Structures are given as C-alpha cells and as structure tokens.
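Please read the structure below before turning to the comments.
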Amino acid sequence: MADKLDICVTMVVVNWNAGEHLVSCVRSLFDQVDIDVDVVVVDNASSDCSLDGLAVFGNRVQVVQTGENLGFGRGVNRGVAVSDAPFVVVLNPDVVLNKDAVQTMVSFLNQRPDVGIVGPRLKDADGHVRASCGFAPRLVDEICRKFLLHLVFPLFKFRRTCPPKNTKVHWVTGACFAARRDAFSTTGGLDEAIFMYYEDVDFGLRLQNEGWQVWYLHDAV
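Taking our numbering as reference, the numbering of the sequence shown is continuous, increasing by one, and the terminal residue is 236.
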C-alpha cells in the first residue's frame with residue numbers, strides 16, 4: 016500500500032437535484048484511502064431534498080448555496096474558491112469513486128509538476144468503460160455529433176476515447192477530474208460563459224495553451 020500523502024485535497028461536487036446520488040457520492044469521498052479530503056458541495060438552488068441526506072456526515076461537508084442555478088462551470092469555480100488546497104477533485108454527484116482513486120490521481124499530479132489535470136477511467140452503472148477523454152475536436156466531428164451519428168454508428172467516437180493505459184490527451188471529462196490549483200489560477204478556472212457541456216473540452220485546451228499537460232489515468236477508477 017502506498018504511503019499516505021501529506022496533502023489535503025479539496026473535493027468539489029456541484030449539486031442540482033441529485034437526490035440520493037449525492038449521499039453515495041460524498042460517502043465515497045470520505046472513504047478515500049491514504050489521503051485527507053475536504054468536501055465542498057456547491058448547491059445550485061436544488062428543489063429536492065438531496066442536501067438533507069448530508070446530515071449523516073455532520074459538519075464534515077461544507078455546503079455553498081449559490082441561490083440560483085449557475086451551471087456547472089460557475090459552480091465548480093465557486094467551490095474551488097472557498098479552499099486553498101493545492102489539489103482539487105471535481106466530480107458530478109452521481110459519481111462514486113473507488114477507494115484509491117483520489118490517491119492515484121493526486122500522486123500522479125504530485126510527481127509530475129508539468130501536468131495540470133488528470134481524469135480517471137469512468138464506468139457506467141453496468142461496468143462498461145465510457146469514452147471519458149479525447150483530443151481536440153474537429154469541425155467534421157462536431158457536425159456528426161450534432162446529428163447524433165455517434166448513436167447510429169457507435170464505433171465512431173469522434174475524437175473521444177477510453178485508452179487502455181495512462182495516456183496524454185487533450186481533455187478529460189468534467190464528470191470527474193483532479194487538477195492542481197496552479198492550473199486553475201493560470202487559466203481562470205472553467206469558462207463561466209458556458210452553462211453546461213464542453214466546458215471540460217475548453218478547459219483542457221486552454222490548459223495546454225498555458226503549457227500544462229492533460230492526462231487520462233486508466234489506473235484511477
């Protein structure tokens with residue numbers, strides 16, 4: 016077993032009516048091994064009772080109430096801003112992490128100061144690996160996706176991929192990623208002009224423009 020990292024990692028979960036998924040997500044964060052975590056839930060004015068379930072964690076979860084649905088990018092930026100931890104992990108409220116996922120991602124970042132962000136291997140509820148990273152989009156790819164051709168021809172991923180090993184890529188999905196705070200500072204965080212979708216692709220490309228590398232980590236799940 017790896018030695019415990021003497022680093023606190025801020026975990027940012029953006030919540031909007033996630034229901035019971037939120038509790039399962041947060042529980043998986045506190046179950047992480049060999050790492051100290053600081054959990055921040057940014058709530059985009061949920062109308063369900065998802066926040067009520069957090070009572071089981073006492074005061075261990077910091078809740079940021081936005082008062083309105085700010086979208087994903089603005090919500091992430093709010094969560095990152097309330098802490099000063101050198102590393103942050105961002106994830107959707109329906110994501111559950113393997114117990115060593117954060118340690119694996121943060122260890123990689125800690126050993127590679129040229130890497131600004133990493134994303135894990137992402138599986139769906141049936142255990143199928145999803146294409147959760149990729150390369151810079153091309154116009155033809157986006158036209159094909161606009162017309163949902165990836166549903167007709169599932170073998171065509173249009174620059175999205177799920178590599179069988181740790182791989183340098185252009186972007187990783189916003190569903191779950193770990194980043195160093197310096198990377199957020201140099202780029203200004205996620206683009207708040209994008210309400211939802213493609214802010215992760217944009218963020219990865221902007222990170223590279225600032226000299227950071229982006230990696231997919233097959234070993235983190």
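Yeah, the Cβ is synthetic: ideal placement off N, Cα and C, and Gly gets one too. Values in this document were obtained by computation on a predicted structure and should not be read as measured data.
Residue i, DSSP secondary structure in three states
i, result
"Gly131", "strand"
"Val229", "strand"
"Val103", "strand"
"Ala70", "helix"
"Phe150", "coil"
"Val216", "helix"
"Arg136", "coil"
"Arg221", "helix"
Residue i, buried or exposed, once every other Cβ within 10 Å from all chains shown has been counted against 16
i, result
"Asp63", "exposed"
"Val1", "Shown here, the chain extends from 16 to 236; a query on residue 1 therefore has no answer."
"Phe45", "exposed"
"Thr81", "buried"
"Arg175", "buried"
"Phe218", "buried"
"Asp67", "exposed"
"Ala70", "exposed"
"Ser61", "buried"
"Met120", "buried"
"Phe210", "exposed"
"Ser200", "exposed"
"Gly149", "buried"
Where the alpha helix (DSSP H) containing residue i begins and where it ends
i, result
"Asp120", "This sequence places Met at residue 120; Asp is not what is there. Segment 116-126, the alpha helix (DSSP H) holding Met120."
"Leu44", "36-45"
"Asp197", "196-202"
"Asn92", "87-96"
Within 7 angstroms, strictly: CB atoms of residue i and residue j
i, j, result
"Ala198", "Leu222", "yes"
"Asn59", "Leu85", "yes"
"Val91", "Ser43", "no"
"Gln77", "Val103", "no"
"Pro135", "Leu232", "yes"
"Val57", "Val29", "yes"
"Val184", "Val229", "yes"
"Thr25", "Ala116", "no"
"Gln118", "Ile50", "yes"
"Ser122", "Asp53", "no"
"Cys8", "Ala146", "Any property of residue 8 remains undetermined from this structure, which presents the chain solely from 16 to 236."
"Val105", "Val27", "yes"
"Lys138", "Val48", "no"
"Arg89", "Glu225", "no"
"Leu124", "Arg195", "yes"
Limits of the beta strand (DSSP E) - the one that residue i falls within
i, result
"Phe210", "Counting along the chain, Phe210 falls outside any beta strand (DSSP E), and DSSP gives it neither H nor E."
"Asp53", "51-58"
"Val184", "182-184"
"Asn30", "23-30"
"Val79", "76-80"
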